[in-house]
Structures are given as C-alpha cells and as structure tokens.
Amino acid sequence: MTLTYPTWLQEIKTIFPCNLNADTGVIHIRMQYQPEDIDIIRTVLSGRQQAYTLLVERYQKYVFTLTLRFVGDRELAEELAQDVFVKAYRSLADYRGESKFSTWLYTIVHSICISALRKKQHPVVLTEDLTTTYAAIDNQTQKLLDTRSDKAQLTTAISLLDPTDAEVIILFYQAEQSIEEIGHITGQTPGSIKVRLHRARQRLRNILTTRYPSEFKDSFKS
Amino acid sequence: MQELAAIEEQLWSYIDNSCNEAEHERMETNIATDAVWKSTYQKLLSIHHQLQAVTLEQPSMRFTKNTMEQLADLKIAPKINYTVNSNIIKAALAVSIMLLVAFFAYIIIAADWTTPAATHDFLDKIKVSTVMYSTLFTIVILLLVLIDTSLHRNRQKHARL
Chain A
1290 MTLTYPTWLQ
1300 EIKTIFPCNL
1310 NADTGVIHIR
1320 MQYQPEDIDI
1330 IRTVLSGRQQ
1340 AYTLLVERYQ
1350 KYVFTLTLRF
1360 VGDRELAEEL
1370 AQDVFVKAYR
1380 SLADYRGESK
1390 FSTWLYTIVH
1400 SICISALRKK
1410 QHPVVLTEDL
1420 TTTYAAIDNQ
1430 TQKLLDTRSD
1440 KAQLTTAISL
1450 LDPTDAEVII
1460 LFYQAEQSIE
1470 EIGHITGQTP
1480 GSIKVRLHRA
1490 RQRLRNILTT
1500 RYPSEFKDSF
1510 KS
Chain B
660 MQELAAIEEQ
670 LWSYIDNSCN
680 EAEHERMETN
690 IATDAVWKST
700 YQKLLSIHHQ
710 LQAVTLEQPS
720 MRFTKNTMEQ
730 LADLKIAPKI
740 NYTVNSNIIK
750 AALAVSIMLL
760 VAFFAYIIIA
770 ADWTTPAATH
780 DFLDKIKVST
790 VMYSTLFTIV
800 ILLLVLIDTS
810 LHRNRQKHAR
820 L
C-alpha cells in the first residue's frame, strides 16, 4: 500500500529522520531519535517553519494543562495555548539558550494566563475558605468528583486549587521544573516558591481528605 | 500537631531535594532512627508519587494543525540587541544627574542672601528665571523616563531568560 503523507510531515521527515508506519489506516510516527529542543529551534530559525511542529507536539499537553488550570474552560484554554505557541514562535530569536526551552516557554504561558485573567476578569477561586470553593463547583465538576479513580480525583482536586497554586504543582510535578526555574517563570524567589508549593500541597490534602476521606486516608490524611 | 507540621515541612524539603547537604544527612538519620519521621516520610513520599503520576490534559486533535495555520503568515521577530542601548542609557542617566546637581548648585550660588532677615521664604531669595525652571522640569522628566526604561529593560531581560 502506498501512503501519501501530508506536506508538513514530508518536510519534517527531510529535517529529522523519522520512521513512518501505517496501522489500520492511522499514521504512526516513531521518531528514531528525539532531536534536542535547541536543534529544532536552530532549524526553525534557519527558515524551516514546519520544524516548529515538533515543539508544538512536544509541549502542547503541558501548555494546555497550565492554561486550563488558569481559566477552567477548555475552549478558552486551547485558544490561550495557541497564543502561547504563536508568541513563542514570534520571539524565538530572543531565546538565548541560558535556560531550558521549556522554562522559557512556561514564562510565556504564565504572562499570557495572568494577562487573560486580568483582561477577562475571570474569577480566581481562592481555597482559603473551602465552603466557598465547593459552592463554586459546577455540575460537570461534580460528576468528576464522583469518579472512583484516584488519579481522576487528584486531577479534579488540582483543578479546585487556586490557579497559581495549581500552576506550581503542575510545573513541579508534571513539567519537571525545579524550584529555581519556577521562580524564574513566575518572577518570584525560590524561597517563596517553596512556601507556595508547601501551601499548595496542604490545600490539596485538605480538598482530598474532605471530599474522599476513605480513599485518601492512608496517604493524604494527617 | 505543630511539631508534626514542622517535621512535614522539613521532609518536603528533603523529598523536593531543596535542602542543603547537612540538613539532608540529618533527615536521613531521623528517618532511619525515628518511627514518627519514618511513617511521615513514607506518607509524604506516597503523595509525591501520586502527584507525579497525575496525567496531563490533552488538547483537541487539531491543535497542532490550528497552531501551525496561525503561524503560516507570521515571521520571527528580529533579535533585540541590548548591549548598545544599555551604555547609552547609563550615559544619559549620568548626564541627567550631573545637570540636576549643577542646577541646584547654581541656584544656591545665585541666591540673594542679603535680603532682610524678615523674609523667610527661601524662594524669595533665589533668582531663578522661568527658563531655569523649565530646564529643571525637563531634566526631572528625562530622569524619570530613563529610570523607567532601565527598569523595563531589566524586566524584559528576566522574562526572556
């Protein structure tokens, strides 16, 4: 069977060696090697825009998860995530390589999300008062809260955190950023990031032990 | 309860690898010898692993395509060079400060100190023309603009990493 690949895929194949397979009509791309971010950036800067696809593919989940935690709405979060990649592309020449590309990218995520919150005056739910927090939970979230999966419950609990607390948790645990790097991203000192991380975990524990006392009694409950 | 909270805080630093070597060793000993420390450590480590296992959200299937379509007509902005501007700003700041100092030195020298003692108003003693006031105003504005530019550049530098 002869496969016809989209133009952008063919172009990427000429830039980075890929192993392309077809299985039940779906094209699977198995990269023979993972090019470093900096190599991709150099390729993009040399004028091969399609190489940027690799960076979008690599970081879209991280960026989208962060924007979603800030705005809570999938459609708006996707719009913001696209804005992040567009802004990063436009400013790519200014990336000096002194930090990881991911750290630089999350700095853009942070500034775009903070601006979006200010512009649209999106309500920021603080978890100081848990009663208020739970009162704000909509039906969709309530359904998620009823799920039996620990992982899903944890994801839901993170979504109930203050966006800035959720941001620290995601950057530290999922995006694998160090405390110093999170400080760069958010413009805060490592000391205050340590405090924020500690506070975010405490709040997460409060939410989980209040909502799911039996499921999380062994680990999250004091 | 208070003590447990303090233990937890220290253990989180240990798990996050954000404590110094001496603290690290001390906590290793505490975990190995103290039952409370050991059980608390295991509990926090379990939370740590659960948080690491949380899955990321997936955007729509068309996300990459939509993003690349938005980029199609865009060009990468030219690199911003900071080196020359930084020196110019420093020089302009120095000149402005010198002008300001010279201005105040002049008004003190030019002041009419022979005016009768009954006149207490300092402004009555100094002889400054409208032109001089305008110069002072311009220097102050220039200084504020330069300080703002300098601070803005520092913020941008930090953001660009």
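Here the protein sequences line up with chains A and B, keeping their order. Residues in the first sequence are numbered from 1290 upward in steps of one, following our numbering. Residues in the second sequence are numbered from 660 upward in steps of one, following our numbering. Even for Gly, the Cβ is constructed at its ideal location relative to N, Cα and C.
Between which two residues does the alpha helix (DSSP H) containing residue i stretch?
{"i": "A/Ile1482", "result": "1479-1500"}
{"i": "A/Ile1330", "result": "1326-1334"}
{"i": "B/Asn679", "result": "Unbroken run through B/Asn679: none, as it is neither H nor E."}
{"i": "A/Phe1353", "result": "1341-1360"}
{"i": "A/Asp1439", "result": "1439-1448"}
{"i": "A/Ala1455", "result": "1452-1458"}
{"i": "B/Ala694", "result": "694-711"}
Do we get a CB-CB distance below 8 Å when we pair residue i with the residues of chain B?
{"i": "A/Asp1383", "result": "yes"}
{"i": "A/Ala1455", "result": "no"}
{"i": "A/Gln1466", "result": "no"}
{"i": "A/Phe1359", "result": "no"}
{"i": "A/Glu1325", "result": "no"}
{"i": "A/Ile1458", "result": "yes"}
{"i": "A/Thr1342", "result": "yes"}
So, helix, strand or coil for residue i, using DSSP?
{"i": "A/Gly1402", "result": "It is worth fixing the name first, because residue 1402 of chain A is Cys in this sequence and not Gly. It is helical."}
{"i": "B/Pro718", "result": "coil"}
{"i": "A/Arg1385", "result": "coil"}
{"i": "B/Pro737", "result": "coil"}
{"i": "A/Gly1472", "result": "helix"}
{"i": "B/Val627", "result": "Lying outside 660 to 820, the shown extent of chain B, residue 627 of chain B is not represented and no answer is given."}
{"i": "A/Glu1364", "result": "helix"}
{"i": "B/Ile726", "result": "Position check: residue 726 of chain B holds Thr in this sequence, whereas Ile was assumed. Three-state DSSP puts B/Thr726 in a helix."}
{"i": "B/Glu668", "result": "helix"}
{"i": "B/Asp732", "result": "coil"}
{"i": "A/Thr1396", "result": "helix"}
{"i": "B/Ser745", "result": "helix"}
{"i": "A/Gln1371", "result": "helix"}
{"i": "A/Gln1466", "result": "coil"}
{"i": "A/Ser1380", "result": "coil"}
{"i": "B/Arg812", "result": "helix"}
{"i": "A/Arg1337", "result": "coil"}
Is there a C-beta anywhere in chain A that falls below 8 Å from the one on residue i?
{"i": "B/Lys697", "result": "no"}
{"i": "B/Leu730", "result": "yes"}
{"i": "B/Ile666", "result": "no"}
{"i": "B/Ala712", "result": "yes"}
{"i": "B/Ala722", "result": "Checking the sequence shown, residue 722 of chain B turns out to be Phe, not Ala. Yes - at least one Cβ of chain A is within 8 Å of the one on B/Phe722."}
{"i": "B/Thr808", "result": "no"}
{"i": "B/Lys738", "result": "yes"}
{"i": "B/Asn689", "result": "no"}
Select from the options the residue whose C-alpha is nearest the C-alpha of residue i.
{"i": "A/Ile1386", "options": "A/Asp1326, A/Val1457, A/Gly1480", "result": "A small correction: the amino acid at residue 1386 of chain A is Gly; Ile does not occupy that position in the sequence shown. Answer by Cα proximity: A/Asp1326."}
{"i": "B/Leu730", "options": "A/Leu1355, A/Ala1377, A/Ile1403, A/Leu1406", "result": "A/Ala1377"}
{"i": "B/Asn725", "options": "A/Arg1358, A/Phe1359, A/Val1373", "result": "A/Val1373"}
{"i": "B/Glu728", "options": "A/Arg1347, A/Lys1350, A/Arg1363, A/Gln1371", "result": "A/Gln1371"}
{"i": "A/Thr1444", "options": "A/Thr1342, A/Leu1344, A/Asp1328, A/Thr1354", "result": "A/Thr1354"}
{"i": "B/Thr839", "options": "B/Trp671, B/Leu758, B/Ala769, B/Asn676", "result": "Here chain B comprises residues numbered 660 to 820, so residue 839 of chain B is not present and cannot be evaluated."}
{"i": "A/Tyr1257", "options": "A/Tyr1395, A/Ala1340, A/Glu1469, A/Gln1338", "result": "Limits of chain A in this structure are 1290 at one end and 1511 at the other, which puts residue 1257 of chain A out of reach."}
{"i": "B/Ile739", "options": "A/Leu1381, A/Leu1369, A/Glu1364, A/His1473", "result": "A/Leu1381"}
{"i": "B/Leu704", "options": "A/Asp1451, A/Thr1475, A/Tyr1462", "result": "A/Tyr1462"}
{"i": "B/Ala665", "options": "B/Val804, B/Ala694, B/Thr699, B/Ala681", "result": "B/Thr699"}
**Report entry** Contact between the segment 676-689 of chain B and the segment 713-730 of chain B (3+ Cβ pairs under 8 Å)
**Finding:** Under the Cβ criterion (8 Å, minimum of three pairs), the segment 676-689 of chain B does not count as touching the segment 713-730 of chain B.
Query raised in the report: Is there contact between the segment 741-760 of chain B and the segment 1390-1400 of chain A, where contact requires at least three CB pairs shorter than 8 Å?
Result: With a cut-off of 8 Å, the segment 1390-1400 of chain A and the segment 741-760 of chain B do not count as touching, because too few Cβ pairs lie within range.
**Report entry** Touching by the beta-carbon criterion (3+ pairs, under 8 Å), the segment 1355-1364 of chain A and the segment 1449-1464 of chain A
**Finding:** Flag = yes, the segment 1355-1364 of chain A and the segment 1449-1464 of chain A touch.
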